[in-house]
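> Chains as they are written, first to last, in my numbering: chain A, 1 to 365; chain B, 1 to 313. The following block contains the structure, expressed as structure tokens.
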Ligand SMILES: Nc1ncnc2c1ncn2[C@@H]1O[C@H](COP(=O)(O)OP(=O)(O)O)[C@@H](O)[C@H]1O
Ligand SMILES: [Mg+2]
């Protein structure tokens, strides 16, 4: 009873301080907005409007028609017209364009000849995404008013389930929720204990009857609520700006979010008990960010990673959370179908929380 | 276990690496009294207080606080002691009232009595007007009153105060001590560390610390009577040259200038100290009034913290 009221006292104190801390508020709303907009608009693997130059050495009706059709696809954005292939190469090297279209003088004849390529497309292979586009360009269904029509023969047809239009934000935002929550939640608690140590509050607190566990749990509780608010912000912005759907149960999503938030808070708290300054705490969270972004399946497909990397990925809470969000938001999966992921997150939270409470001794030495 | 003693420590020591911060300290602090720790910065006052409230584990020795062995059982001890840290340690981004409320809740003061107790503390420590002010924006004296108020809100039996007056003006210090006497009167044992002589003088008992070791303890009056030194006060027109002249005397333990006066400490074992000083001054052609004087607490402090080479005879 006394224990519960002390815990609530700690929680009330945290809420009070949180409300007065402008930076906290900026982080809750600012970070998700910034990241969603950044990731949603900038990271777009669905490439359009590539800067393109054309060297049309044929200069015939047919070649003009070809260039016009190409431009109409919006994949390329023709910025320059030059006379020779050498000039195209110069533009590519300087980086002014990333695609060069070279139309040879005998273009009309080549179009008619099945054995020879009619057009050369030069792409900037130093950028992997653009290199991938070359293939897309090759398959562009361009029709010509000539005797010979090239029919692209398609052996394999790919159908993208769950994201038929292959819009990048739909793929990215479920993972981005994990990244944003991790970043902010871990940061909040990573500085929580060490800040009070720096300010001297801790020396007073540990001389009161409050126990380590009460202090740790009391500190985490208000941030769980904050995390859920942040989750709501991300989902709303994702829906409004990019029409990112939540096909499964919204309750499942918040439930998974709740457990994931607790896991990150607990980990941050553990860091906070282990470091000497707020600066170190922030360094440590950044240290965690990198593997979490790279090895969680957020950026690179999980199955394609080497085994060691997959093992590290399996340990990270974010990996399991991203599976949950993708499942619930895009595949309409229920939590029941992915209960293993949820259990892992819950266990992680409990272990990290216990470790934090144990590490936080009520001593100074 | 002596029921009359609030704190009893034997051989209490603390090492930080190779540094011995507290060196084999024996302490007997009687209940319902004000006990002072007098010592310069770095003499181990804070470290000792932290060991007594269980924040630091002693490297050697043992202590019993309110009949409880520390650090063993310090958990049971927390509700019975109040601690005011050297650095202001309340929450600067909360108001005076919110700080008091938080501390009251942490000490499980029942909700029915909480409001009344907070009002009482606000009243006693002259904080009624600051009730809604953020603690971080208050003056040194106000912060100190809030810190004391928070340290006593649960009516502890023992109050540990670590240099409570180092950031406040003389008037606030006087008021602060009035509060301490009131608390001691009501039965609270108070251990207070300071580096001010005038504060040390107000304590019922006193331990002088130097480099982690206790070099003297007792009631201030007793300490002043038993310095083992004759104190000669010299009033000279040219105190600088008088000091230079007196310093040449091998018998002199220390010469301190206070304005135009010099205080000269000469061990009691030296006969005719006053005559010798007068002779030296006459030799140097310096005219001065000399007289024997009683020891001030500062003289006590100087006498007990002399290096061993100076103390030899
Ligand atoms: N946590 C610590 N680690 C290392 N040295 C310390 C620590 N705390 C205190 N000290 C050293 O112990 C000595 C005594 O310090 P302290 O007890 O704070 O003195 P006082 O309170 O009398 O000024 C000082 O030399 C100080 O530098
Ligand atoms: Mg100190």
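Ideal Cβ positions, reconstructed from N, Cα and C, are used throughout, including at glycine.
In the structure shown, what three-state DSSP assignment does residue 107 of chain A receive?
Looking at residue 107 of chain A - three-state DSSP - the assignment turns out to be helix.
> Are the stretch 4-20 of chain A and the stretch 56-67 of chain A touching by the rule of at least three beta carbon pairs closer than 8 Å?
Counting Cβ pairs under 8 Å, fewer than three are found: no touch.
> To test your reading of the DSSP string, which unbroken alpha helix (DSSP H) runs of 4 or more residues are found completely within the stretch 221-280 of chain A?
The qualifying runs are 250-274.
> So is the beta-carbon of residue 71 of chain B under 8 Å away from any non-hydrogen atom of ligand 1?
Outside the cutoff, so no.
> Got a sec: is the Cβ-Cβ distance from residue 200 of chain A to anything in chain B below 9 Å?
Interface residue, yes.
> Mind reading off the beta-carbon distance from residue 252 of chain A to residue 334 of chain A? Whole number of angstroms is fine, and I expect it under 8 Å.
Indeed, because the Cβ distance is near 6 Å, the residues count as touching under 8 Å.
> Under DSSP, the beta strand (DSSP E) around residue 255 of chain B begins and ends at which residues?
From DSSP, the beta strand (DSSP E) with residue 255 of chain B extends over 254-258.
> With burial defined as no fewer than 16 other Cβ atoms inside 10 Å of the residue's Cβ, what is the status of residue 263 of chain B: buried or exposed?
Classification of residue 263 of chain B: buried, given that the 10 Å Cβ count is 16 or more.
> Against residue 90 of chain B, what residues of chain A qualify as contacts under a CB-to-CB distance less than 8 Å, listed in chain order?
201, 204, listed in chain order.
> Going residue by residue through the stretch 71-98 of chain B, where are the continuous beta strand (DSSP E) segments of at least 3 residues, counting only ones entirely within it?
The stretch 71-98 of chain B contains these whole beta strand (DSSP E) runs: 81-84.
> If you measure between the beta carbons of residue 119 of chain A and residue 53 of chain A, is that distance less than 9 Å?
In this structure, residue 53 of chain A does not lie closer than 9 Å to residue 119 of chain A by Cβ.
> Tell me which same chain residues have a C-beta within less than 8 Å of the C-beta of residue 183 of chain B, skipping the five on either side of it?
Taken in chain order, the residues that qualify are 152, 159, 190.
> Using the Cα positions of residue 148 of chain B and residue 105 of chain B, report the straight-line distance between them to the nearest angstrom.
Straight-line Cα distance between these residues: approximately 17 Å.
> So, does the CB of residue 81 of chain B fall closer than 9 Å to a CB anywhere in chain A?
So yes, residue 81 of chain B belongs to the interface.
> Between the stretch 275-285 of chain A and the stretch 183-203 of chain A, are three or more C-beta pairs nearer than 8 Å?
The stretch 275-285 of chain A vs the stretch 183-203 of chain A: in contact.
> May I ask you to check if the CB of residue 162 of chain B is nearer than 8 Å to at least one heavy atom of ligand 1?
Result yes, Cβ under 8 Å from ligand 1.
> Report the CB separation of residue 79 of chain B from residue 107 of chain B in whole angstroms; it is logged as a contact under 8 Å.
Yes, they are in contact, since the Cβ atoms of residue 79 of chain B and residue 107 of chain B sit about 6 Å apart, within 8 Å.
> For the alpha helix (DSSP H) holding residue 320 of chain A, just list the boundary residues, first then last.
From DSSP, the alpha helix (DSSP H) with residue 320 of chain A extends over 317-325.
> Check distances from the C-beta atoms of the stretch 344-362 of chain A to those of chain B and list, in chain order, the residues that come in under 7 Å.
Listed by position, the residues of the stretch 344-362 of chain A near chain B (Cβ gap below 7 Å) amount to none.
> Helix, strand or coil: which one does DSSP assign to residue 331 of chain A?
Coil.
> I'd like the span of the alpha helix (DSSP H) that includes residue 155 of chain B, first residue to last.
From DSSP, residue 155 of chain B is part of no alpha helix (DSSP H); its letter is neither H nor E.
> Please list the partners that residue 78 of chain B has in chain A, where partner means a Cβ-to-Cβ separation under 8 Å.
Per Cβ cutoff of 8 Å: 207, 208, 209.
> In angstroms with no decimal places, state the Cα-to-Cα distance between residue 225 of chain B and residue 37 of chain B.
Rounded to the nearest angstrom, the two C-alpha atoms are 19 Å apart.
> Using a C-beta cutoff of 9 Å, does residue 13 of chain A count as contacting chain B?
Interface residue, yes.
> Please go through the same chain and pick out, in chain order, the residues whose beta-carbon is closer than 8 Å to the beta-carbon of residue 127 of chain A, but skip the five residues on each side of it.
So the list reads 98, once near-sequence residues are dropped.
> The stretch 43-67 of chain B: which residues have C-beta closer than 9 Å to a C-beta of chain A, in chain order?
Listed by position, the residues of the stretch 43-67 of chain B near chain A (Cβ gap below 9 Å) are 50, 53, 54, 55, 56, 57.
> DSSP three-state label for residue 46 of chain B, please.
Residue 46 of chain B: helix per DSSP, three-state reduction.
> State yes or no: is the beta carbon of residue 72 of chain B nearer than 9 Å to at least one beta carbon in chain A?
Output row for residue 72 of chain B: interface = no.
> Would the stretch 314-326 of chain A and the stretch 288-306 of chain A be scored as touching if the rule is three or more Cβ pairs under 8 Å?
Touching, yes, given that three or more Cβ pairs across the two stretches are closer than 8 Å.
> Based on the DSSP secondary-structure assignment, which residues constitute the bridge partners of residue 5 of chain B?
The partner list for residue 5 of chain B (beta bridge, DSSP) reads B:30.
> Using the three-state DSSP reduction, which class does residue 305 of chain B fall into: helix, strand or coil?
In this structure, residue 305 of chain B counts as coil in the three-state DSSP scheme.
> Find the residues of chain A that neighbour residue 125 of chain B, judging by a C-beta separation of less than 8 Å, and give them in chain order.
Ordered by position in chain A, no residue passes the 8 Å Cβ test against residue 125 of chain B, which lies about 17 Å from the chain.
> Looking at the structure shown, is residue 286 of chain A part of a helix, part of a strand, or coil, going by DSSP?
Note: residue 286 of chain A maps to helix in three-state DSSP.
> Anything in the stretch 283-303 of chain B with a Cβ closer than 7 Å to a Cβ of chain A? List those residues in chain order, please.
Cβ contacts with chain A come from no residue of the stretch 283-303 of chain B.
> Are there any heavy atoms of ligand 2 lying less than 8 Å away from the beta-carbon of residue 59 of chain B, as far as the coordinates show?
No, the Cβ of residue 59 of chain B stays beyond 8 Å of every heavy atom of ligand 2.
> Assign residue 354 of chain A to one of three DSSP states: helix, strand, or coil.
Reduced to three states, the DSSP call for residue 354 of chain A is helix.
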